[in-house]
Structures are given as C-alpha cells and as structure tokens.
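**Student:** Residue numbers (the working numbering): 46 to 447.
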Ligand code: AMP
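1) Could you spell out where the beta strand (DSSP E) holding residue 309 opens and where it closes?
2) Okay, do the region 303-314 and the region 269-280 touch, 3+ Cβ pairs below 8 Å being the bar?
3) Is residue 428 close to chain B? Criterion is C-beta to C-beta, closer than 9 Å.
4) Look at the alpha carbon of residue 100 and the alpha carbon of residue 52, and state the distance between them as a whole number of angstroms.
5) Distance check for residue 320 and residue 326, CA to CA, integer angstroms please.
6) Terminal residues of the continuous beta strand (DSSP E) containing residue 254?
7) May I ask you to check if the CB of residue 287 is nearer than 8 Å to at least one heavy atom of the ligand AMP?
8) If you draw a straight line from the alpha carbon of residue 397 to that of residue 158, how long is it in whole angstroms?
9) Can we say the region 70-82 touches the region 95-110, given the rule of at least three CB pairs closer than 8 Å?
10) What's the gap between the Cα of residue 46 and the Cα of residue 254?
11) Does the beta-carbon of residue 448, which I'm using as the reference point, lie nearer than 8 Å to any heavy atom of the ligand AMP?
12) Alpha helix (DSSP H) containing residue 150: first to last residue?
13) If you follow the alpha helix (DSSP H) that residue 230 is part of, which residue opens it and which one closes it?
14) Would you tell me roughly how many angstroms separate the C-alpha atoms of residue 317 and residue 332, rounded to the nearest one?
15) Rounded to whole angstroms, what is the Cα-Cα separation between residue 306 and residue 239?
16) Flag this pair as yes or no: are the beta carbons of residue 186 and residue 166 separated by less than 9 Å?
17) State yes or no: is the C-beta of residue 431 nearer than 8 Å to some heavy atom of the ligand AMP?
18) Can you round the beta-carbon distance between residue 265 and residue 231 to whole angstroms, since I take them to be within the 8 Å contact cut?
19) Does the Cβ of residue 244 have 16 or more other Cβ atoms within 10 Å, making it buried, or fewer, making it exposed?
20) Who pairs with residue 74 in a beta bridge, going by DSSP?
21) Tell me the residue span of the beta strand (DSSP E) that contains residue 334.
22) Comparing the CB of residue 247 with every heavy atom of the ligand AMP, is any distance shorter than 8 Å?
23) Whose C-alpha, out of 343, 350, 420, is nearest the C-alpha of residue 365?
24) Between the Cα of residue 350 and those of 330, 409, 269, 418, spot the shortest distance and give me the residue it belongs to.
25) Are there 16 or more other CB atoms within 10 angstroms of the CB of residue 291, so buried, or fewer, so exposed?
26) Mind checking residue 385: buried by the 16 CB within 10 Å criterion, or exposed?
27) What does residue 316 pair with, by DSSP beta-bridge criteria?
28) State the Cα-Cα distance for the pair residue 423 and residue 90, rounded to the nearest angstrom.
29) Taking only heavy atoms of the ligand AMP into account, decide whether any of them is closer than 8 Å to the Cβ of residue 326.
30) By the three-class DSSP mapping on this structure, what secondary structure does residue 382 have?
31) If you drop the 5 nearest sequence neighbours on each side, which residues of the same chain put their C-beta closer than 6 Å to that of residue 136?
32) Across which residues does DSSP place residue 446 in a beta bridge pair?
33) Does the Cβ of residue 280 lie closer than 8 Å to at least one heavy atom of the ligand AMP?
34) In whole angstroms, what separates the C-alpha of residue 285 from that of residue 247?
35) Indicate, with yes or no, if the ligand AMP has a heavy atom lying under 8 Å from the CB of residue 344.
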C-alpha cells in the first residue's frame, strides 16, 4: 500500500507561506540538546521546501508544559541547532502565545526560502484539546500546511489537525511518507513470511496491536514482561513476574485466535529470573536461567532465556518482513539485555525488511549499535503502535488525498 496522500512533491510552494508541523520534541539536558535525530529527520522536507522557494514556517511541541509557557520547554536551542544543520539563518519567533507579535512580524518579513521557527505549540492550552482560536491563529500565518510530524500524527491537536479546518492546501512531508510506506507496506502488503515481534512491559498497552498483527502476520512472537500473562493463561506458575490478571482471558482468546487462523504464536520457553526487580534498574543483579515450567514462586522473570533467544532468532531467519515493537526484557540492565540483543542481532542478520517500532525498541536498537542494520526505525513510538493497531491516525487523515 503506497500512501495516497498529496506530498511535498505534488505541490507548488514558490513564494508561498508554508506552515510545517515537524516533530522537534528533542531530549534536552540543562538547555542542551542531547540527541538531534528528530531535527535531522525533518531536514529533507525543510530543504525541499526551501529549494522550491517556499517561506518555511516551522512549528512543533517540546515536552509537556503543564500551565502555559515555561523557559525549560522553549524551542530556542532547536532554532540554533537547526540553523547549523541547514547552514542558513533560522528566525526564532519567541512569543509566549506562539502566534504573537514576533511571529507575525517575522513572517511578514520573510523572503522566498527563509525559515522561521515558532515557539512551542503546547505553550497554548488549546493545542492538546484541538480548540480555537489557536488553530485559526496558526493557520492565519500560512497558505499551505505540510504535516511531517509522524511522532505526533496519532494526536488530533491544533497543530496536527485543527489547522486544516482553515488551510485546505495540505500535503505530507518526506518523513511521514517514509514512515507510512514502511509501516503500511509491512502491515497491508507484507512480503511473506511476515514475523511480528512484540515485547515491553504490559499486555494492556498492546491489546489491539496483538489482535491486529495476528491477523496480518504469519508468526507472532511475544517476549518481554507481557509474555508472563500469556504463560499464566496457559496455567504456568510465573512467580513474581509481571502479570495482568485482568487480561488472562484476553490472552487465552488470542491463543485461540492464532490457532483458528493457523498462525504461529511463539512464547518464551525459558526465562532469566532473579529474586526481585533490579534497584536501581541498571544495578548489579544475580540471575539464573530456567524453563518456563520451572519458575519458582518467589522469583521474577526479567528477560527471555537462552533457548528462547535461539527459538526467536530461528523464527526470524527466513522471514521476509519483520516488525518489532518492545524489548524482550529489562534491557536497561546489562545483565538483562541479552534477550533484546539476541533479537536485535537476529534482525541485523536477516535479509528481511526490518522495521522497528519507535519508543523503547528503537532506543534499544540504537543504543546497542544495530541502527544501521535495520531497514527502518520509526521516529514515533505511540504513533507507530497505533498504526500497527490498524487505526487511522488523525494527522494523516486530515491531509488531502491525491
Ligand atoms: P514498553 O514501554 O511497553 O515497550 O515497555 C518497555 C519496558 O518494559 C522497559 O522499560 C523494560 O524494562 C520493561 N520490561 C521488559 N521486560 C520486562 C519484564 N520481564 N519484567 C518487567 N519489565 C519488563
């Protein structure tokens, strides 16, 4: 499935003011950007619009300011970094109300190819509620709207959706296009065998993802904390492992669904256990490896075991498409990262198209040094998960179809 949305390749922006929603929600420490991946990811679209003679007005949220403007959530450091990366001036319109005197003046003075960055859209309380007058104010700055913030596309906010009530000339940027083509192809028209791997903490967070992916994939692998609820649903003793007792019936239903659809559902066969959750999370911990039938009542499963690492790696070997979301264990701890590393390695070694859902699995793959071995690492955790659930993302739906 190719994205059937108008893209920046289909529009003429020469001399026009283009409002671009990007995802500049970068990690900051003491006002310094610690990782500029999200800025880099937005560059292709920004450069394209500059080259086409557009007047590029960028907007984004940063962090979660609770009660309006807060200096620590200012996009000022992003403007500086962006100017360095682009090699041209970026005018930062520092208005507490986002669309204020500075923004209006900066936009009025723009020439073709200029770039203005607005202040954090969440400085306005309407933003996350998608309310007026903010949507209208944002829209009043421009004639064209480009959505390129995949990481925010699952939210209907003023800057991701509301503006399109006022601006009808809309398009997606290259980052959105790339994300949706990878995730969309994987889920809708995967080259088979298609193996989906899910991990992470809780079953409850991924109910719809499990159900939707079971229908689409050939093999569904479940690891991480959520595997123990499945194991308990099979009647196994899981000790002190993370379990959601309210989801036992759900897990049974999913195992039945896999059977009925003739899909392979792989669960851990052994596990790395410890007396308790590591505290601090990356502190030293004494572990042992046991089969999932032999978890002592006073122990906690914190990673997949060695036999499971092999089982999962084998399942991935002949795959043609692999989607992975969620770590296999408490990967923040070096002793409990082995399962996640083994899966990352297996993905790095297969010639399948490998797609990493954002969030923790993306962080794990990058942190473990496997990033350049993957076909695609999504920039959106929540957004990619909702996409894998089969949901229509509001930030995509509002953009004009081709
Ligand atoms: P999620 O945000 O749902 O992808 O979950 C990621 C978190 O799940 C990470 O912080 C892991 O430490 C945690 N996690 C993975 N496996 C386990 C486990 N067996 N027990 C407890 N937490 C886990």
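Cβ coordinates follow ideal geometry from the N, Cα and C atoms, glycine included.
**Tutor:** Walking through what the data contain:
1) 309-311
2) yes
3) Note that chain B does not occur in the displayed structure, where there is just one protein chain.
4) 17 Å
5) 14 Å
6) Run containing residue 254: none in the beta strand (DSSP E); it sits in the alpha helix (DSSP H), 252-261.
7) yes
8) 40 Å
9) yes
10) In this prediction, residue 46 scores a pLDDT of 48, lower than 50, which makes its location untrustworthy; no coordinate-derived value is stated.
11) There is no way to answer for residue 448, as the model of the chain reaches only from 46 to 447.
12) 146-153
13) 219-233
14) 6 Å
15) 14 Å
16) no
17) no
18) Wrong, their Cβ atoms sit about 13 Å apart, outside the cutoff.
19) buried
20) 77
21) 333-336
22) yes
23) 420
24) 269
25) exposed
26) buried
27) 335, 349
28) 17 Å
29) yes
30) coil
31) 151, 161
32) 50
33) no
34) 14 Å
35) no
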